[in-house]
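Numbering (our numbering), first residue to last: 1004 to 1193.
Here's the structure, in structure tokens; my notes come after.
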Amino acid sequence: MVIPYITLRHADGTPEFGRVNTPKLAECIIERRCQLCARKLTDAAVLMARPQDFGYGYVPEPAQHPECAAYATKACPMLSGRLPRHRDRTRPQRRQCSRSDACWCGEPPAPPNADAVIRSGRAASPWYSVRFSMDEYEVNMSARKGPRGISLHALTHRKVRLVTWGHPEKTDLARVLLFGLPEPDAGSGS
Ligand SMILES: [Zn+2]
Ligand SMILES: [Zn+2]
């Protein structure tokens, strides 16, 4: 199993699936690196996006190589850097590693989402893959807090595919129509 580069790790090396290392996340976005393997993105790349991201105009996570995105889509969703975006923000369970004296897990609980959650969302939201050429790669920067994500507006030749439909709420269905996003084929059962 591949542990994504942006996954938060404990001092003993254990990955904390479902949480991201914020500096690594920013590094990947700015340096045009893949969130799974950390290598440079060169020709084509893939972003994973939800309907609301098309409204905001950017995706708040790094892109991936097409083959890395294909792997991450097939692998357990826990492995994906996406999870923090649809995790329940109420009460993260606390688990300590063997080096908690020297690790973030030994510190008092941080306020919810301090370093983990990029943006809250829900597991039922549809997910899309957005394939694009790195020629159109553009970072959406905030004035004081570094990169917000990767611009969707800049991707004029993007190819959007439905990955999972989930159980969208009305707001998501409205966004799907508004942004002209693909819907499941009738009768395909997916
Ligand atoms: Zn730890
Ligand atoms: Zn990769």
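Just so you know, even glycine gets a beta-carbon here, dropped at the ideal spot from N, CA and C.
Helix or strand or just coil, what does DSSP make of residue i?
i	result
W1107	helix
V1005	coil
T1159	coil
P1069	helix
L1165	strand
Y1074	helix
L1184	coil
R1178	helix
Assuming residue i and residue j form a contact by the criterion Cβ under 8 Å, report the distance between their Cβ atoms to the nearest whole angstrom.
i	j	result
M1144	R1035	In fact, because the Cβ distance is near 14 Å, the residues do not count as touching under 8 Å.
P1063	R1151	6 Å
S1101	D1015	5 Å
For residue i, is the classification buried or exposed, using 16 other Cβ atoms within 10 angstroms of its Cβ as the cut-off for buried?
i	result
E1070	exposed
V1005	exposed
L1086	Its pLDDT being 49, under 50, L1086 is placed unreliably by the model, and the measurement read from it follows with that caveat. Result: buried.
A1073	exposed
G1153	Rather than Gly, the amino acid found at residue 1153 in this sequence is Ile. Buried, by the Cβ-count rule.
S1123	Reliability fails at S1123, whose pLDDT of 45 lies under 50, so the model's placement of it is uncertain and the value that follows must be treated cautiously. The residue is exposed, with fewer than 16 neighbouring Cβ atoms inside 10 Å.
S1083	Per-residue confidence for S1083 stands at a pLDDT of 46, beneath the threshold of 50, marking its modelled position as unreliable; the derived number appears in the next sentence. With 16 or more Cβ atoms within 10 Å of its Cβ, S1083 is classed as buried.
Which one of the options has the shortest CA to CA distance from residue i?
i	options	result
L1039	P1026, E1030, V1062, I1009	I1009
G997	L1011, E1141, R1053	The first residue shown for the chain is 1004 and the last is 1193, placing residue 997 beyond what the model contains.
G1021	L1044, L1011, E1030, L1028	L1011
L1176	M1051, R1042, P1129	P1129
E1141	G1016, A1066, P1111	A1066
Kindly provide the ranges of any alpha helix (DSSP H) runs that are 4 or more residues long and lie completely inside the stretch 1014–1063, ordered along the chain. 1025–1033, 1054–1059
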